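Numbered according to our numbering, the sequence shown spans residues 9 to 376. Each residue gets a CB set at the ideal place from its N, CA and C atoms; glycine is no exception. Here the structure is a predicted model, which means the values were calculated and not measured. Below is one structure, written out as structure tokens, with a few remarks after it.
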Amino acid sequence: MEIGNRNLLILKDIIEHKDTITGKELENKFHLSRKQLSYGLGKINQFLSEHNYPEITRLTNGKMSVPNQLEDVLDQDWFEDEKQELWFSKEERVDIIRLMVLIAKEDLSLQHFISELKVSRNTVLTDLKKVDSELQSEGLILNYGRKTGYFVTGSEYAKRQMIFVVLNRLSMQYRHSFLARKLCRISKENVQSMKNMILEIEGELQVRFAGEMIESNSCFFAVVFDRIQNGMVLDEIPDSFRHIVGTKEYTVMRMLANHRNVQNEFEIMYLTAHVQSMKVEAVPMGRDTDETLGIQEAVEETIQNYEQLSCVNIREREDLKKLLIHHCEPALYRIRYDFHVGLDITEYILPAYQDLHNLVRKSVAPLE
């Protein structure tokens, strides 16, 4: 039977996020009703059964019970063949091309892009102009030679920043984690090794990172370590990274990096910065005390400002405070290190919550 592109994406999403995904999240991501999702899961299970794989079941707590055997599904030829029928938007095509030229380990011709994207030569040429413009905005140059094909020149730091942005967008916004790993030539074993490293970091810092952070950063860390092993190391980092040395995160990351034969100080600081910027689900216990207290005080003042401006007393004040602290600490690091994570939700917020937005904007001076 035909599984269909949407059900294929649902299956891929379930397998890739089997430890954290819930039915509600799938309904929101794919704009489905509960009944539509149930129908889709039925089609998926019928498809799995025909290929001699165990079925997926939906638990009473909303999570999915995903048999371990299904991890092999992503490596099946029929899965990749059917995936090639997926249609990519212009934005997706541009990001895919950007990633291909940034991590290229072979000569890239137009035919490589045509084959990967299943579009015409003229479409690829148009997309390449957009890629060239975006690379230039970050100080990178897209080059082409008859013998060398397409490749990017510029600082390794700028390349990493763009790789990070594109990988996050492919994984979190477009739901193409499998394609991202394929383009980066990162094996499941390599990604799992990075997940294990992040779990070690969680244990040392006594934090619990958000599931989507673990997924996206596992792939990115795998790419970073691969680049280091191939001699593409950082020779400079911004001054904003000077705060890192001496933090608990730095000590932990240095230990784990040494286990992987990475001793370059710039690289350890860079990896530490990414750890600090990862969103957490549990109260962080291992952060710098002064900064943590500063954020807590700023959040408290922000809530006070909002209550005064809105003439509203928030009943679940402590819960709100905890949520804002969880959001603000990694946000502080993302702003400091200029790491862009997540989607721009302005277009969703402003039309529906303009008044609320104005009140919050006037309240957040302590955090600024």
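Where cysteine 192 falls, given that 16 or more other Cβ within 10 Å makes a residue buried: Within the sequence shown, the letter at position 184 stands for residue 192. Flag for cysteine 192 reads buried.
Cβ distance (whole Å) where valine 288 is taken to contact phenylalanine 186 below 8 Å: Here the question's residue 288 lines up with position 280 in the sequence shown. Here the question's residue 186 lines up with position 178 in the sequence shown. Actually they do not touch by this definition, with Cβ atoms about 26 Å apart.
Limits of the unbroken alpha helix (DSSP H) element including tyrosine 278: The residue given as residue 278 occupies position 270 in the sequence shown. Element bounds for tyrosine 278: 273-284.
Contacts around threonine 30, its chain only, beta-carbon distance under 6 Å, and the 5 residues preceding and following it disregarded: Reading the sequence shown from its first residue, position 22 is the one you call residue 30. Gly70 and Lys71, listed in sequence order.
Alanine 360 versus threonine 354: straight-line alpha-carbon distance, rounded: One-based indexing of the sequence shown puts residue 360 at position 352. One-based indexing of the sequence shown puts residue 354 at position 346. Cα to Cα, the separation comes out at about 10 Å.
Residues near arginine 106 by beta carbon distance below 8 Å, same chain, minus five either side: On the sequence shown, residue 106 is found 98 positions in, with the first residue counted as 1. Same-chain partners within the cutoff: Val139, Glu142, Leu143, Met170 and Val174.
Top-ranked residue by Cα proximity to asparagine 53, from His39, Leu301, Glu376 and Ile18: Counted from its first residue, the sequence shown places residue 53 at position 45. The residue with the shortest Cα to Cα distance from asparagine 53 is Ile18.
Contact under 8 Å by Cβ, glutamate 315 with proline 374: Position 307 of the sequence shown, counted from the first residue, corresponds to residue 315. Position 366 of the sequence shown, counted from the first residue, corresponds to residue 374. No. Outside cutoff.
For valine 109, the nearest candidate out of Thr134, Ser224 and Lys167 (CA to CA): To locate residue 109, count along the sequence shown from 1; it is residue 101. For the residues Thr134, Ser224 and Lys167, the minimum Cα distance to valine 109 belongs to Lys167.
Supposed close pair leucine 213, valine 260 - CB separation, criterion 8 Å: The residue labelled residue 213 in the question sits at position 205 within the sequence shown. The residue labelled residue 260 in the question sits at position 252 within the sequence shown. With 8 Å as the limit, leucine 213 and valine 260 qualify as a contact, their Cβ atoms being about 6 Å apart.
DSSP-derived helix/strand/coil call for isoleucine 22: Within the sequence shown, numbered from 1, the residue matching residue 22 stands at position 14. If DSSP states are grouped into helix, strand and coil, isoleucine 22 belongs with the helices.
Cβ shell of leucine 116 (< 8 Å), same chain only, five flanking positions each side left out: Locating residue 116 in the sequence shown gives position 108, counting from the first residue. Excluding residues within five positions, the ones whose Cβ falls inside 8 Å are Met108, Val109, Gly157, Tyr158 and Phe159.
Outcome for proline 338 when other beta-carbon atoms lying within 10 angstroms are tallied against a minimum of 16: Here residue 338 corresponds to residue number 330 of the sequence shown, with the count starting at 1. Counting Cβ neighbours within 10 Å, proline 338 comes out buried, since at least 16 surround it.
Spatial distance of glutamate 63 from histidine 348 (CA atoms): Here residue 63 refers to the residue found at position 55 when the sequence shown is read from its first residue. Here residue 348 refers to the residue found at position 340 when the sequence shown is read from its first residue. For glutamate 63 and histidine 348, the distance between alpha carbons rounds to 37 Å.
CB contact flag (glutamate 33, serine 41, <8 Å): Counting from 1 along the sequence shown, the entry for residue 33 is found at position 25. Counting from 1 along the sequence shown, the entry for residue 41 is found at position 33. Contact flag unset, no.
Nonlocal neighbours in the same chain, by C-beta distance under 7 Å from isoleucine 303, ignoring five residues either side: Numbered from its first residue, the sequence shown carries residue 303 at position 295. Taken in chain order, the residues that qualify are Ile333, Cys336, Glu337 and Leu340.
Straight-line Cα distance separating valine 199 from phenylalanine 249: What you label residue 249 is simply residue 241 of the sequence shown in a count that begins at 1. What you label residue 199 is simply residue 191 of the sequence shown in a count that begins at 1. Cα-Cα distance, rounded: 26 Å.
Cβ-based neighbour list, tyrosine 152, same chain, cut-off 6 Å, excluding 5 preceding and 5 following: Here residue 152 corresponds to residue number 144 of the sequence shown, with the count starting at 1. Contacts found: Tyr158.
CB-CB length for leucine 264 against isoleucine 222, believed under 8 Å: In the sequence shown, counting from the first residue as 1, residue 264 sits at position 256. In the sequence shown, counting from the first residue as 1, residue 222 sits at position 214. Wrong, their Cβ atoms sit about 15 Å apart, outside the cutoff.
Endpoints, the beta strand (DSSP E) within which threonine 161 is located: The count along the sequence shown starts at 1 and reaches residue 161 at position 153. Per DSSP, threonine 161 belongs to the beta strand (DSSP E) from 157-161.
Contact check, isoleucine 11 vs valine 81, beta carbons under 8 Å: As a working note, residue 11 is residue 3 in the sequence shown. As a working note, residue 81 is residue 73 in the sequence shown. Not closer than 8 Å, so no.
Residue burial classification, tyrosine 47 (beta-carbon count within 10 angstroms, cutoff 16): As a first step, residue 47 is located in the sequence shown; it is residue number 39 there, counting from the start. It counts as exposed.
Spatial distance of serine 226 from serine 201 (CA atoms): What you label residue 226 is simply residue 218 of the sequence shown in a count that begins at 1. What you label residue 201 is simply residue 193 of the sequence shown in a count that begins at 1. The alpha-carbon atoms of serine 226 and serine 201 are separated by roughly 8 Å.
Exposure of histidine 380, with buried meaning 16 or more beta-carbon neighbours within 10 Å: Coverage of the chain is limited to positions 9 through 376, which leaves residue 380 absent and any answer about it impossible.
Residue closest to isoleucine 311, alpha-carbon to alpha-carbon, out of Leu328, His282, Thr300 and Ala112: By one-based count along the sequence shown, residue 311 stands at place 303. When each option's Cα is compared against that of isoleucine 311, the closest is Leu328.
Burial state of glutamine 284 (16 or more Cβ within 10 Å): Reading the sequence shown from its first residue, position 276 is the one you call residue 284. Looking at its Cβ environment, which holds 16 or more other Cβ atoms inside 10 Å, glutamine 284 is buried.
Which of helix, strand or coil DSSP assigns to serine 117: Sequence index remark: in the sequence shown, residue 117 carries index 109 (1-based). Serine 117: coil per DSSP, three-state reduction.
Helix, strand or coil at arginine 323 according to DSSP, with G and I counted as helix: If you number the sequence shown from 1, residue 323 lands on position 315. Looking at arginine 323 - three-state DSSP - the assignment turns out to be coil, as it is neither helix nor strand.
Beta-carbon gap between glycine 211 and histidine 25 smaller than 8 Å: Here residue 211 corresponds to residue number 203 of the sequence shown, with the count starting at 1. Here residue 25 corresponds to residue number 17 of the sequence shown, with the count starting at 1. No; because the gap between Cβ atoms is not below 8 Å, this pair is not in contact.
Of the listed residues Asp247, Asn269, Met277 and Pro246, nearest to glycine 239 (C-alpha basis): Counting from 1 along the sequence shown, the entry for residue 239 is found at position 231. Comparing Cα positions, the closest option is Asn269.
Nearest to histidine 184 (by Cα), restricted to the options Lys37, Ala112, Val74 and Gly147: As a first step, residue 184 must be located in the sequence shown, where it is residue number 176. Out of Lys37, Ala112, Val74 and Gly147, Lys37 has the C-alpha closest to the C-alpha of histidine 184.
Nearest residue (CA-CA) to valine 372, options Ala306, Asn321, Arg323 and Leu331: Reading the sequence shown from its first residue, position 364 is the one you call residue 372. Nearest option by C-alpha distance: Ala306.
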